[in-house]
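In what follows, a structure is listed as structure tokens, so that the remarks can point back to it.
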Amino acid sequence: MFSLAHPFGASSDVSFTLLLVYTGFYAATISFLTAQFFYRYLAIVHPQMVPVFFGGWKLILWILYACYFGLQWALGVTFFARLDEVSTDYMEDEILQYYGKRVEEIAMCAVVAFDENHELRWFNLMCVLNMTLIMMVQYGFIITFGWRMSLKIREAVSMLSTSMIRLHTQFFKVLVLQAC
Numbered sequence: 080m081f082s083l084a085h086p087f088g089a090s091s092d093v094s095f096t097l098l099l100v101y102t103g104f105y106a107a108t109i110s111f112l113t114a115q116f117f118y119r120y121l122a123i124v125h126p127q128m129v130p131v132f133f134g135g136w137k138l139i140l141w142i143l144y145a146c147y148f149g150l151q152w153a154l155g156v157t158f159f160a161r162l163d164e165v166s167t168d169y170m171e172d173e174i175l176q177y178y179g180k181r182v183e184e185i186a187m188c189a190v191v192a193f194d195e196n197h198e199l200r201w202f203n204l205m206c207v208l209n210m211t212l213i214m215m216v217q218y219g220f221i222i223t224f225g226w227r228m229s230l231k232i233r234e235a236v237s238m239l240s241t242s243m244i245r246l247h248t249q250f251f252k253v254l255v256l257q258a259c
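Here this note's numbering = 1-based position in the sequence shown + 79.
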């Protein structure tokens, strides 16, 4: 991942920090979607539990939940994907050829799986593992709550009015589309 831009004439270090913030917001956004799926699940299946999990000050916990995963993602990129000699050597010809820039001039991080001796670069693999685990947790919850909501909506069809069925179905479809 890299950025050729230097917003406001910022240095490569500042641009790299902004890149990390961007990656953190990505993970936080997916985590917020997980919270939305959980909220909709509770609203449909256990409406009495909504205030228990989302009432008052507990909303702050959901913000912290999303921020935690955003921070974990950004720190994972910082520690495990920062450029070193091997990744710089690997990327420099491509960046120069396609973008006309030297690697040192741009904000960049890279995951290079193997070094020149074909040895596995474990710390880069840790970056991939960190991202994969975060996404597995988030999408696992999203799929579980979405599936359970779908089953409950099908069960409840006989008890709801046509307009309520359409409304709940529309909410469900919007949540699924947001997660994609």
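Every residue, glycine too, gets a C-beta built ideally from N, C-alpha and C.
Query: Length of the line joining the Cα atoms of VAL191 and ARG200; Result: 7 Å
Query: Bridge-paired residues (DSSP) for ALA84; Result: ALA84 pairs with nothing; no bridge assigned.
Query: For ILE142, the first and last residue of its enclosing alpha helix (DSSP H); Result: 137-159
Query: ALA186 in three-state terms, based on DSSP; Result: strand
Query: Residues that PHE116 bridges to, as DSSP identifies them; Result: According to DSSP, PHE116 bridges with nothing at all.
Query: Residue closest to LEU138, alpha-carbon to alpha-carbon, out of GLN115, ILE244, VAL124; Result: GLN115
Query: Complete runs of the alpha helix (DSSP H) confined to the segment 166-254 [at least 4 residues]; Result: 201-235
Query: Expected contact under 8 Å - CB spacing of TRP152 and ALA106 to nearest Å; Result: 4 Å
Query: Test item: CB-CB of CYS206 and PHE133 under 8 Å; Result: no
Query: Delimiting residues of the alpha helix (DSSP H) encompassing PRO126; Result: Counting along the chain, PRO126 falls outside any alpha helix (DSSP H), and DSSP gives it neither H nor E.
Query: SER91 in three-state terms, based on DSSP; Result: helix
Query: Top-ranked residue by Cα proximity to TYR101, from PHE81, ARG233, PHE117, LEU112; Result: PHE81
Query: Where LEU256 falls: helix, strand or coil (DSSP); Result: helix
Query: Validate contact between the segment 171-185 and the segment 230-250 using beta carbons, cut 8 Å, 3 pairs; Result: no
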